[in-house]
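Protein chains in written order, with this note's numbering: chain L, 1 to 524; chain W, 1001 to 1382.
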């Protein structure tokens, strides 16, 4: 007897359809899984046997062969437990072939027959070509997100068999998943991993909490409005982290496509999805001890998306940028340029989305006090070594490089509340709207060629650029970057239509931290 | 081997004799060397060990080969007393027994002014050092400095120009072939061509910390006048001042802002009664006094340096034409680097308006970027 059950396995942030074929024949009793299963997959045999027996279903004392087609693709995880069990029941005649027609299955089995959730339910459900999908109860919201016409669930194998054979009605989707996705998903260890990445911190933070810091606030606003990568440098305690954490609060909310992409990546990484209705862009803040696969994605068996992908459509915040090993930082160059990261392993090459806004913070020097000359105790050699840690090509990716200082006492004690995120977000949304009309998501994405069309310079602005270029204060490469920032500033300025001298001067000032970091009167 | 040891070793004997002693069998002369090595008045328990080290080093050295290498690398070595050895050093209390040079150092016989100062110079300090270097060099004065970063480099940059009557000389801590710091490698090469580089350390010697105070004493000994352009409190440039005081060399200091940490050392020097150098004319006046009675002749006064304070007086015409905003921003600036936010807060103008006004002031030469902030530049200083 033979049965074929559609299912799927996870590779990166995409699911791959897998056909689970179960063959039961006479012979020495045995159970073999073929078709490149990984360890978790091979262990399915013992889980399936226990689940069947504890559910009061028969375990055939015959020769059982399970093939996972296509055989050339490595199958990972325990999500194939359920289709194997169902296939076995069909092959032994316990279930009717007609009962499972057009149905795909994904789920892990407990020894008592419970159906447990699996990571990546969203991409897995998406990959299932069948019209109906059966997923674990906790994965229902994710399966619904991809718009499958029929989503079904059962709490246990027994319940599933009864529902498939028509003895009971399918459990109501709502009753099995009363809470939103965040509460429904219970992946062990996810919460701690999440807190480590600073996801929890970016809750209802508001720019109104930031006192003083006019330059820092402007930098955040410009970064959000124009999608410009931002590097904040300043002494410890100057509020760099505080500013960066508030960036998501002024970014425009995610649209449907972005939301789905973000959910897909989070699901594939086995992280809890944000609560339903939350459209705030993700904020990821990995610690500098992070490994390369954790940052850009990868891993030997399960190609897990890295922090750059989890931050897609949102903010990747690298605090203490100077402490990150420089080979790790250079890995960011491809995603910064292309918006995707391709992770190649011997078995597979996976492409992860990685369109994020990069915000980094660092001290201006090892002792952190290089604000005025004289207060810093670092030697010239130390300073040179510190600025060498960041490669030039990476520094070039930052359109905004702002030196922030400690706020003065008067500003800290000032009782006048600063502008709130909500009103900044309104201006940001207007600028993004203008960018959409230019055919890009944000001004930072404008090509050099289109700058002349979209960002005409006034005479005074042109003269200022000429002076900067002639004096060597601005490089040819820096020119376009400054022009894009100046365009964003002009967009933020409702009274101006063209890029004026005032916007160029401000854009130069928003990049001046670069020269300070590289030491001396270097180029902006 | 420190210069003092070398001096004691060579006292009253020729270099050849000492070398022969070092290479000879042990028994014959250890006592003689030990006697020479020990400073009069106290006994050093490590003497035997030190002499031993010398003997080992001498055994591995072939004088002919060393000489060949010197010639091949265009390095000249001068023994004290031999022709070409800087005349100002001959009678010095701590004269080096031998100096090495690249480029030309013959001009050291002419009036020399040392421009010294901090390595972490401000825009103001580097500007003044470069101006002084250029003006003094124009006036036929040899500028001597240490080729370190900051003030030294700026002074050399200023003094290095084609067809200047007096090429500058750098006195360096390590060997003349050991470029340090790496950032001044280009300046180093230019000095080799257009000026001179001098060192008492053997070629190849690393620029170790202890060599720099010794280097500073050479600068003080070579100069007729030492000008400290900028120095932090307790900065290395003050070693040069001490060495100059010991030798009775005139010391001048360039005054700076009382708020600038980089001028703390120089301002204290002035408070202690040291002469003030506001421009090249001040230095030249001091130099004339220092050289009075000698047969040194200064070149003809050319250029504007004869007129007092030419660089410092902001042209009234420029400041008069400033807009109120520009005045406000100029007022908010200091002589030391001021963070942009502070300029903005003081001027009371918005961020963007301050930024554009600063750029405008920079265009007319009244303001300049410095580090992560802005400072008043030469013309804007009052």
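From the three backbone atoms N, C-alpha and C, an ideal C-beta is built for every residue, glycine too.
message: Suppose you measure from the CA of residue 111 of chain L to the CA of residue 220 of chain L; what does that come to, to the nearest Å?
response: Spanning the alpha carbons of residue 111 of chain L and residue 220 of chain L requires a straight line of approximately 52 Å.
task: Give a yes or no on contact between the segment 1133 to 1145 of chain W and the segment 1167 to 1186 of chain W, applying the rule of three or more CB pairs nearer than 8 Å.
output: Taking one beta carbon from each stretch, the segment 1133 to 1145 of chain W and the segment 1167 to 1186 of chain W have 3 or more pairs nearer than 8 Å; the two touch.
6 Å Cβ shell around residue 440 of chain L - same chain, five flanking residues per side excluded: Around residue 440 of chain L: 446.
- prompt: Based on Cα-Cα distance, which residue from L/358, L/1, L/237 and L/13 lies nearest to residue 554 of chain L?
  reply: Outside the displayed range of chain L (1 to 524) lies residue 554 of chain L, so it cannot be described from this structure.
message: Can you tell me where the beta strand (DSSP E) holding residue 351 of chain L begins and where it ends?
response: It spans 349 to 353 - the beta strand (DSSP E) in which residue 351 of chain L sits, taken as one unbroken run.
task: Can you say whether residue 483 of chain L is buried or exposed, counting buried as having 16 or more other CB atoms within 10 angstroms of its CB?
output: Buried, by the Cβ-count rule.
field: First through last residue of the alpha helix (DSSP H) which encompasses residue 1065 of chain W
entry: Secondary structure note for residue 1065 of chain W: its alpha helix (DSSP H) is the uninterrupted segment 1063 to 1072.
query: Out of L/308, L/151 and L/407, which has the shortest C-alpha to C-alpha gap to residue 334 of chain L?
result: That would be L/308, whose Cα lies nearest to the Cα of residue 334 of chain L.
query: Can you list, in chain order, the residues of its chain whose CB lies under 7 Å from that of residue 84 of chain L, leaving out five sequence neighbours each side?
result: 20, 22, 44, 48 and 66.
- prompt: When the Cα of residue 1149 of chain W is compared with those of W/1143, W/1118, W/1178 and W/1339, which residue comes out closest?
  reply: The option with the nearest alpha carbon to residue 1149 of chain W is W/1118.
message: For the structure I just gave you, are there three or more beta carbon pairs, one from the segment 1194 to 1210 of chain W and one from the segment 1098 to 1106 of chain W, closer than 8 Å?
response: Yes, since at least three Cβ pairs between the segment 1194 to 1210 of chain W and the segment 1098 to 1106 of chain W fall closer than 8 Å, the two stretches touch.
field: Between the CA atoms of residue 275 of chain L and residue 184 of chain L - distance to the nearest angstrom
entry: With a pLDDT of 39 at residue 184 of chain L, under the threshold of 50, the predicted position of this residue should be treated as unreliable, though the coordinate-derived value follows. Whole-angstrom Cα-Cα distance: 10 Å.
query: From residue 354 of chain L to residue 1160 of chain W, what does the alpha carbon distance come to, in whole angstroms?
result: About 52 Å.
- prompt: What does residue 509 of chain L reach in chain W if we use C-beta pairs closer than 7 Å?
  reply: The contacting residues are 1340 and 1355.
query: Using a C-beta cutoff of 7 Å, does residue 82 of chain L count as contacting chain W?
result: No - not a single Cβ of chain W is within 7 Å of the one on residue 82 of chain L.
query: Rounded to a whole number of angstroms, what is the C-alpha to C-alpha distance between residue 15 of chain L and residue 303 of chain L?
result: Looking at the two C-alpha atoms, the distance is approximately 11 Å.
query: Nearest chain W C-beta to residue 121 of chain L closer than 7 Å, yes or no?
result: No - not a single Cβ of chain W is within 7 Å of the one on residue 121 of chain L.
task: May I ask you to report which of helix, strand or coil DSSP gives residue 1023 of chain W?
output: Residue 1023 of chain W: helix per DSSP, three-state reduction.
field: 6 Å Cβ shell around residue 1007 of chain W - same chain, five flanking residues per side excluded
entry: Here the set comprises 1097.
message: Just to confirm, is the Cβ distance from residue 104 of chain L to residue 71 of chain L under 7 Å?
response: Cβ distance not < 7 Å, so residue 104 of chain L and residue 71 of chain L don't count as in contact.
task: Measure from the C-beta of residue 1359 of chain W to each C-beta in chain L and report whether the shortest distance is under 7 Å.
output: Cβ-Cβ to chain L under 7 Å: yes for residue 1359 of chain W.
field: At least 3 beta-carbon pairs within less than 8 Å: the segment 1262 to 1280 of chain W vs the segment 1229 to 1243 of chain W
entry: Contact between the segment 1262 to 1280 of chain W and the segment 1229 to 1243 of chain W is present: 3 or more CB-CB pairs across the two stretches fall below 8 Å.
query: What residue range is occupied by the uninterrupted alpha helix (DSSP H) comprising residue 13 of chain L?
result: No alpha helix (DSSP H) contains residue 13 of chain L, which DSSP labels as neither H nor E.
query: How long is the line joining the alpha carbons of residue 515 of chain L and residue 41 of chain L, rounded to whole angstroms?
result: Taken atom to atom, the span from the alpha-carbon of residue 515 of chain L to that of residue 41 of chain L is near 55 Å.
Residue 459 of chain L burial status per 10 Å Cβ neighbour count (16 or more: buried): Exposed.
message: Looking at the strands, I want to know which residues DSSP matches up with residue 1375 of chain W.
response: Under DSSP, residue 1375 of chain W takes part in a beta bridge, and its partners are W/1368.
query: What is the C-beta distance between residue 101 of chain L and residue 18 of chain L, in whole angstroms, given that I count them as a contact (C-beta under 8 Å)?
result: That belief does not hold up - the Cβ atoms of residue 101 of chain L and residue 18 of chain L are roughly 18 Å apart, past 8 Å.
field: chain L contact for residue 1311 of chain W (CB, 7 Å cutoff)
entry: Since pLDDT at residue 1311 of chain W reaches only 43, below the 50 mark, its modelled position is unreliable, and no value is offered.
- request: Can you have a look at residue 146 of chain L and say buried or exposed, based on whether 16 or more other CB atoms are within 10 angstroms of its CB?
  value: Residue 146 of chain L is buried by the Cβ-count criterion.
query: Of all the CB atoms in chain L, is at least one closer than 7 Å to the CB of residue 1352 of chain W?
result: Chain L, which has a Cβ nearer than 7 Å to the Cβ of residue 1352 of chain W, makes this yes.
query: At which residues does the alpha helix (DSSP H) containing residue 118 of chain L begin and terminate?
result: Run containing residue 118 of chain L: none; DSSP gives neither H nor E here.
query: Listed in chain order, which residues of the segment 440 to 472 of chain L have Cβ atoms closer than 8 Å to some Cβ of chain W?
result: Answer set for the segment 440 to 472 of chain L: 464 and 467.
- prompt: Quick one: Cα of residue 154 of chain L to Cα of residue 259 of chain L, how far?
  reply: Spanning the two alpha carbons is a distance of roughly 27 Å.
- prompt: In chain order, what residues of the same chain lie with their CB nearer than 8 Å to the CB of residue 1313 of chain W, ignoring the 5 residues before and after it?
  reply: Residue placement at residue 1313 of chain W is poorly supported in this model, since its pLDDT is 42, which falls under 50; the coordinates are not used for a value here.
query: What is the DSSP secondary structure of residue 1125 of chain W, reduced to helix, strand or coil?
result: It is helical.
query: So which residues of chain W does residue 220 of chain L contact, with C-beta pairs closer than 8 Å?
result: Result: empty, since nearest Cβ-Cβ is about 13 Å, beyond 8 Å.
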